[in-house]
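Take a look at the structure below.
There are 2 protein chains.
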Amino acid sequence: MTIKVFLADDHKILRESLIILLQQESDIEVIGEAADGHQALVDIQRLKPDIAILDISLPQLNGLEVAARLKKEDPAIKIIILTMHKNEDLVARAYQLEVNGYVLKDNALEELLKSIRIVQAGGIYLSSDITSTVIAGFVANFGKTGGKAELISSREREIVQLLAEGNSNKNIAQLLNLSLKTVETHRSNIMHKLGLKSITDLVLYAVRNHLIEP
Amino acid sequence: MTIKVFLADDHKILRESLIILLQQESDIEVIGEAADGHQALVDIQRLKPDIAILDISLPQLNGLEVAARLKKEDPAIKIIILTMHKNEDLVARAYQLEVNGYVLKDNALEELLKSIRIVQAGGIYLSSDITSTVIAGFVANFGKTGGKAELISSREREIVQLLAEGNSNKNIAQLLNLSLKTVETHRSNIMHKLGLKSITDLVLYAVRNHLIEP
DNA sequence: AGAATATACAGGATAACCCTGATTAACAGA
DNA sequence: TCTGTTAATCAGGGTTATCCTGTATATTCT
Chain A
-6 MTIKVFLADD
4 HKILRESLII
14 LLQQESDIEV
24 IGEAADGHQA
34 LVDIQRLKPD
44 IAILDISLPQ
54 LNGLEVAARL
64 KKEDPAIKII
74 ILTMHKNEDL
84 VARAYQLEVN
94 GYVLKDNALE
104 ELLKSIRIVQ
114 AGGIYLSSDI
124 TSTVIAGFVA
134 NFGKTGGKAE
144 LISSREREIV
154 QLLAEGNSNK
164 NIAQLLNLSL
174 KTVETHRSNI
184 MHKLGLKSIT
194 DLVLYAVRNH
204 LIEP
Chain B
-6 MTIKVFLADD
4 HKILRESLII
14 LLQQESDIEV
24 IGEAADGHQA
34 LVDIQRLKPD
44 IAILDISLPQ
54 LNGLEVAARL
64 KKEDPAIKII
74 ILTMHKNEDL
84 VARAYQLEVN
94 GYVLKDNALE
104 ELLKSIRIVQ
114 AGGIYLSSDI
124 TSTVIAGFVA
134 NFGKTGGKAE
144 LISSREREIV
154 QLLAEGNSNK
164 NIAQLLNLSL
174 KTVETHRSNI
184 MHKLGLKSIT
194 DLVLYAVRNH
204 LIEP
């Protein structure tokens, strides 16, 4: 019995290449493909693959939304997210949706094959270079806040935005009538909670989460 | 005589897949690969492939900058840009660099093979879906970019990207084999030239100019 | 040749970062 | 109600990083 997989990715070159290579595996069979979220949703519900492999940045309906709708209708469906995004928030959202795998495109092809077999066997697969701290932090928060995990507090989010807008710690302290030390503490906590390594990462986080516009 | 190609793309899954499939073509031989711009530049100059296939969004040094440096050293080198971006400004910039091919990742694999053979034969290949945007872009940009002085130098652009990717001055100095003080000077000059007040402004500049992806 | 630019490097001042603390208020669970 | 957790506030003190002001050489442009 082969593992029937469905592949949704908007880049045809990658889609075609992966299908050719997946077909060469004796235990894997690609039974369908899609280039956008709507088509993926319709075809996956019709073809009922064992595993749906979804890119996040799909046109019309993003991969996480497709995953959410599939899981809502059939919580047993197996989903692997295949994406270039190692953004903490997206990983957390995927985790919330209880997807079965999260594989980065800059990992080896071998990782994808491994994830398919592990997920088919009932396991959960996460790319090794996704920071464990984010997952740990997320798991720690999950359930205590009623389902929706807020990684950072309201005050912290306010400071994220001010930082991403180019304000210095000193500046923020003046704006918010706080001690410089308080701002430093917030900043440090934010970096740890979000798993960011530099102010640059913070700006990108803010852009991705629409706290500021590029 | 086979066509010797070099492939640079930061997504290992795509890179691996493409190499396997390109190797199956009897007239094509992949003689090297790279996951970042620096490695690509060094290896391409060392291995001297017939055609260099470059993604635009490469870490450390983006594909267009790699193309510019390769063309400067050897104007006869053949370059195919393989990218997800169909922005007219990126296409126009590629055209100014006189690259030999521009293929979109959402085209078929067959397109890439065709582009390799056409470019090897001395032709220029453009993905069919960007023909209209490229024409529009040229009409709009023609004349403007003729003698317009670049705001920042090639070296500075390289450092902008490394900064926006979250590297510290120290880190960049090591990567480029420069003194820390040199990197600091470049950084300062960049900020003044571009009228930026903070590193976050620089990240936003890099995002807007597609030096990095949000 | 002269001017402008790119590239490279230094010293000293300022700001940010890191780690280990502390206090107070709010709030949830046993 | 007591206890534990989190949010929010602040501090000392040491280590790094960044900013500002200069200098110098090679290359490129006119």
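Chains as they are written, first to last, in this note's numbering: chain A, -6 to 207; chain B, -6 to 207. A virtual CB, placed ideally from N, CA and C, is assigned to each residue, including glycine.
Item	Value
Min CB distance Asp99 (chain A) to chain B below 8 Å	yes
Under 9 Å by beta carbon: chain A residues contacting Thr193 (chain B)	Leu156, Ala157, Glu158, Gly159, Asn160, Ile192, Thr193, Leu195, Val196, Ala199 and Ile205
Strand pairing of Gly94 (chain A), partner residues [DSSP]	A:Ile73 and A:Tyr118
The stretch 51 to 67 of chain A contacting the stretch 8 to 21 of chain A, beta-carbon criterion three pairs below 8 Å	no
Proximal residues of chain A, C-beta to C-beta of His4 (chain B) below 7 Å	Met77, Lys98 and Asp99
Span separating the alpha-carbon of Thr193 (chain A) from that of Met77 (chain B)	24 Å
Length of the line joining the Cα atoms of Glu22 (chain A) and Phe(-1) (chain A)	9 Å
Contact between the stretch 102 to 118 of chain B and the stretch 35 to 44 of chain B (3+ Cβ pairs under 8 Å)	yes
Residue-level contact to chain B via CB, Thr126 (chain A), 8 Å cutoff	Note that Thr126 (chain A) scores 39 on pLDDT, short of 50, meaning its location in the model is unreliable; the coordinates nonetheless yield the value given after this. No, its Cβ sits nowhere closer than 8 Å to a Cβ of chain B.
Endpoints, the alpha helix (DSSP H) within which Glu158 (chain A) is located	No alpha helix (DSSP H) holds Glu158 (chain A); DSSP gives it neither H nor E.
Glu222 (chain B): contacting residues in chain A (beta-carbon distance under 7 Å)	Any question about residue 222 (chain B) goes unanswered here, given that chain B covers just -6 to 207.
Min CB distance Thr138 (chain B) to chain A below 8 Å	Any answer about Thr138 (chain B) is weak, because its pLDDT of 36 lies below 50 and its placement is not dependable; what the coordinates show is given next. Judged by the 8 Å Cβ criterion, Thr138 (chain B) is not in contact with chain A.
Closest by C-alpha distance to Glu103 (chain A), when choosing among A:Asn202, A:Leu15, A:Met(-6) and A:His4	A:Leu15
Closest Cα partner of Ala27 (chain A) within the set A:Gln17, A:Ser19 and A:Ile49	A:Ile49
Short CB-CB distance (under 8 Å) between Ala133 (chain A) and chain B	Residue placement at Ala133 (chain A) is flagged as unreliable, the pLDDT there being 39, under the threshold of 50; the coordinate-derived value follows with that caveat. Chain B contact via Cβ: absent.
Leu173 (chain A): contacting residues in chain B (beta-carbon distance under 7 Å)	Within 7 Å Cβ-Cβ: nothing; Leu173 (chain A) doesn't reach chain B, min ~17 Å.
Those runs of the beta strand (DSSP E) which lie wholly inside the stretch -6 to 78 of chain A and span at least 3 residues	-4 to 1, 21 to 27, 44 to 47 and 71 to 76
Reduced DSSP category for Asn182 (chain A) - H, G, I as helix; E, B as strand; rest coil	helix
Beta-carbon proximity of Asp20 (chain B) to Ile(-4) (chain B), cut-off 8 Å	yes
Option in A:Gln89, A:Pro52, A:Pro207 and A:Met184 with minimal Cα separation from Ile145 (chain A)	A:Met184
Whole-number beta carbon distance between Val96 (chain B) and Leu75 (chain B), since they are thought to touch under 8 Å	5 Å
Inter-residue spacing [alpha-carbon to alpha-carbon] between Val112 (chain B) and Ala87 (chain B)	15 Å
CB contact check: Ile44 (chain A) to chain B, cutoff 8 Å	no
Beta carbon proximity, Ile73 (chain B) to chain A, threshold 8 Å	no
Same chain, Cβ closer than 6 Å to Ile70 (chain A), neighbours up to 5 away in sequence not counted	Leu63
Under the three-state DSSP convention, the category Lys190 (chain A) falls into	coil
Neighbourhood of Ser120 (chain B) by C-beta distance below 7 Å, restricted to the same chain and skipping five residues each side	Tyr95, Val96, Leu97, Asn100 and Glu104
Contact with chain B by Leu14 (chain A), beta-carbon distance below 8 Å	yes
Which of helix, strand or coil DSSP assigns to Ser172 (chain A)	coil
Residues, ordered as in the chain, of the stretch 105 to 124 of chain A that lie near chain B by beta-carbon distance below 7 Å	Leu105
Contact between the stretch 153 to 164 of chain B and the stretch 198 to 205 of chain B (3+ Cβ pairs under 8 Å)	yes
Status (buried if at least 16 other CB within 10 Å, exposed otherwise) for Glu151 (chain B)	buried
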